[in-house]
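Counting with mature numbering (1 follows the signal peptide of the UniProt record, and there is no 0), you get residues -19 to -1, 1 to 223 for the letters of the sequence shown. C-beta atoms are modelled at their ideal positions from N, C-alpha and C, and glycine is treated no differently. The structure displayed is predicted, hence computed values, not measured ones. First up is the structure itself, then whatever we jot down about it.
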Amino acid sequence: MGAMLVAGALLSGLAPAHAIVAGRIGGGSAGPHTVMLVSTRGASCSGTAIAPDLILTAAHCVGPAGDYAVALVGGSTPRLIPALRVVVHPRFDPDQYRNRHPTPDIALVKLAEALPSSIRPATMASTTTLPQAGTEFLIAGYGMAADGDDNTAGTLRCVSLASIGTTGGIMARLSPSIGLAGACTGDSGGPAFQSGKLSGVIGWATGPNGARGCGGVTGITLVGLNRDWIDATARKLGSPLN
């Protein structure tokens, strides 16, 4: 399964994020809520269950034309649950990684059937306050463990990162306290949990010192700032949130 193709830069070195660098196998507390998305374009991303048949992911993962599905890979026989409908946030700009103007990089995927009971809807954050520097987040995804290493994709991993600032008033920037760690190819759309609540959607990553690649800084679109749209769209799709 191919990794998400890298788009242009949002800031110097930024590109849509892809797998967890320096993470541990398994999703930790994020594991029961995290899924892998695949498409007929040969691309893969990550996402979070927020209702039994509804996934929150990154808009750049599902914006291009194609057929999408959740790939259930934890059992002995992998299977797909097709997407019935995809709704991208109306203010998302697919050129944001080129023009350096951040927009809400989020989308909802309505599935053809409910997910298995082993995958549980996450509780979403509702705060509109930007996270303070040092706030800890747990991110998870099915992407690569090293930049360009396709053989490491398709395994759920997670890692804890701290907030180091915000971008455009809608995204938080996360970074390890030491060394390299963070999102990489295939992690786009994956969750960022804070205090047990889904607080962000992985959107982009850089390498060390802002270079292209993985393990430097991870960018997340903050969920709380977009709850009104998420809740209203979920209702329209027939999957109201608790």
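CA-to-CA distance, Gly167 to Ala52, given in whole angstroms: Ala52 and Gly167: Cα-Cα distance of roughly 13 Å.
One or two residues paired with Ile151 in a DSSP bridge: Ile151 is not bridged to any residue.
Residue interval of the alpha helix (DSSP H) (run including Val43): Ala40 to Val43
Residue range of the unbroken alpha helix (DSSP H) whose run includes Tyr78: Gln77 to Asn80
Contacting residues, own chain, Cβ-Cβ under 7 Å from Gly181 (five flanking each side not counted): Phe118, Ala153, Ala173, Ile201, Thr202, Leu203 and Val204
Cβ neighbours of Leu142 in the same chain (closer than 7 Å, five flanking residues each side left out): Closer than 7 Å at the Cβ level, and outside the excluded window around Leu142, lie Phe118, Ile120, Leu155, Ser156, Pro157, Ala162, Gly163 and Thr199.
Ser169, buried or exposed, once every other Cβ within 10 Å from all chains shown has been counted against 16: buried
Gly194 and Asp128 closer than 8 Å at C-beta: yes
Exposure of Lys217, with buried meaning 16 or more beta-carbon neighbours within 10 Å: exposed
CB of Pro189 within 8 Å of CB of Ser144, strictly: no
Gly12 - DSSP class collapsed to helix/strand/coil: Collapsing the DSSP output to three states places Gly12 in a helix.
Proximity to Ile31 [Cα-Cα], best of Ser20, Val16, Pro45 and Thr21: The shortest Cα separation from Ile31 among Ser20, Val16, Pro45 and Thr21 belongs to Val16.
Nearest candidate by alpha-carbon position, reference Asp48, set Val19, Pro75 and Cys26: Val19
First and last residue of the uninterrupted alpha helix (DSSP H) at Ile211: Here the alpha helix (DSSP H) through Ile211 covers Arg208 to Lys217.
Supposed contact pair Pro33 and Ala95 - C-beta distance, whole angstroms, cut 8 Å: Taking the Cβ atoms as the reference, Ala95 lies roughly 4 Å from Pro33, within the contact range of under 8 Å.
Residues of its chain near Trp210, where Cβ-Cβ distance is below 7 Å and the 5 sequence neighbours each way are ignored: His70
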